[in-house]
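Peer 1:
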Amino acid sequence: MHEVRHVTFTNELRFAKPRGEVFEAFLDTQKWFQVSYGQERLKEVVNERRVGGQIYEDWGDGMGKLYGTIGWWDPPAGFAQTSHQLGGGITLNHRYEFTEEDGETVLRHECSAFGPISEEMADGIRWHGSLETFAEQLSAWIERGEVVPPPEA
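Quick note, our numbering runs 2 ahead of the 1-based positions in the sequence shown.
(1) Please report the residue range of the alpha helix (DSSP H) in which GLU134 lies.
(2) Whole angstroms is fine: what's the gap from PHE176's alpha carbon to ASP125's?
(3) Only counting the same chain, and skipping five residues up and downstream in sequence, which positions put a Cβ closer than 6 Å to that of GLU134?
(4) Between ASN95 and TRP74, what straight-line distance do the alpha-carbon atoms span, to the nearest angstrom?
(5) Which of the three DSSP states is assigned to LYS19 in this structure?
(6) Would you call the stretch 20–31 and the stretch 114–131 in contact, with 3 or more CB pairs under 8 Å?
(7) Using only CA atoms, which one of LEU29, PRO118, GLN32 lies nearest to LEU88?
(8) Using only the alpha-carbon positions, how far apart do TYR58 and GLY105 sit?
(9) Just confirm the distance between the C-beta atoms of PRO77 and PHE25, as a whole number of angstroms; I'd bet it's less than 8 Å.
(10) Per DSSP, what kind of secondary structure is GLY126 in: helix, strand or coil?
(11) Considering only residues of the same chain and omitting the five flanking positions on each side of ALA82, which have a CB-CB separation below 6 Å?
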């Protein structure tokens, strides 16, 4: 068992698109995140757009991987989700806020993880959970409608 720790980070990305467009494009995670537990079995990433809604990978026939449950839903201002997808008593919280500043949309992300987390796992949470890791993919998708390959870990 690993020591119980709290891992937190925040980041911010800016886009030259209206807030509503950025919000909608961001929710289409298959276009920019491109990381899947199910890999070739992945049918789609489902986002039940409501408080209490689930975000999960659908692999077909009732199989899949739950990413989280939406606890705050206020489009296009933002949303938050809580997840136990890593198992082992680890709780992940993600909050995404979309604001307009100086003619751009600012996407602010706060992440917190709590539980028995090894240093290697903490590094993985910081890498996979950070929007900065996927800044190139997000910019390509949101601003140009292009899908580019995911970054290498």
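Every residue gets a Cβ at the ideal spot worked out from N, C-alpha and C, and that includes glycine.
Peer 2: According to the data block:
(1) Position 132 of the sequence shown holds residue 134. Taken as a continuous stretch (DSSP letters only), GLU134 belongs to no alpha helix (DSSP H), as it is neither H nor E.
(2) No statement about residue 176 is possible, as the shown extent of the chain runs from 3 to 155 and does not include it.
(3) Along the sequence shown, read from residue 1 onward, the residue named residue 134 stands at position 132. For GLU134, where only same-chain residues beyond five positions count, the Cβ hits under 6 Å are ASN13.
(4) For the purposes of this step, residue 95 is taken as residue 93 along the sequence shown, with counting starting at 1. For the purposes of this step, residue 74 is taken as residue 72 along the sequence shown, with counting starting at 1. Going by the C-alpha atoms only, they are around 11 Å apart.
(5) Counting from 1 along the sequence shown, the entry for residue 19 is found at position 17. Coil, per DSSP.
(6) No: fewer than three Cβ pairs fall under 8 Å.
(7) The residue given as residue 88 occupies position 86 in the sequence shown. Here the closest residue by C-alpha is PRO118.
(8) In the sequence shown, counting from the first residue as 1, residue 58 sits at position 56. In the sequence shown, counting from the first residue as 1, residue 105 sits at position 103. Looking at the backbone, the Cα of TYR58 and that of GLY105 are separated by about 33 Å.
(9) Numbered from 1 along the sequence shown, position 75 holds the residue referred to as residue 77. Numbered from 1 along the sequence shown, position 23 holds the residue referred to as residue 25. With a Cβ gap of about 6 Å, PRO77 and PHE25 count as contacting.
(10) The residue labelled residue 126 in the question sits at position 124 within the sequence shown. Here GLY126 sits in helix by DSSP.
(11) Taking the sequence shown and counting its residues from 1, the one referred to as residue 82 is at position 80. Closer than 6 Å at Cβ, skipping near neighbours: GLY73, TRP74, ARG97.
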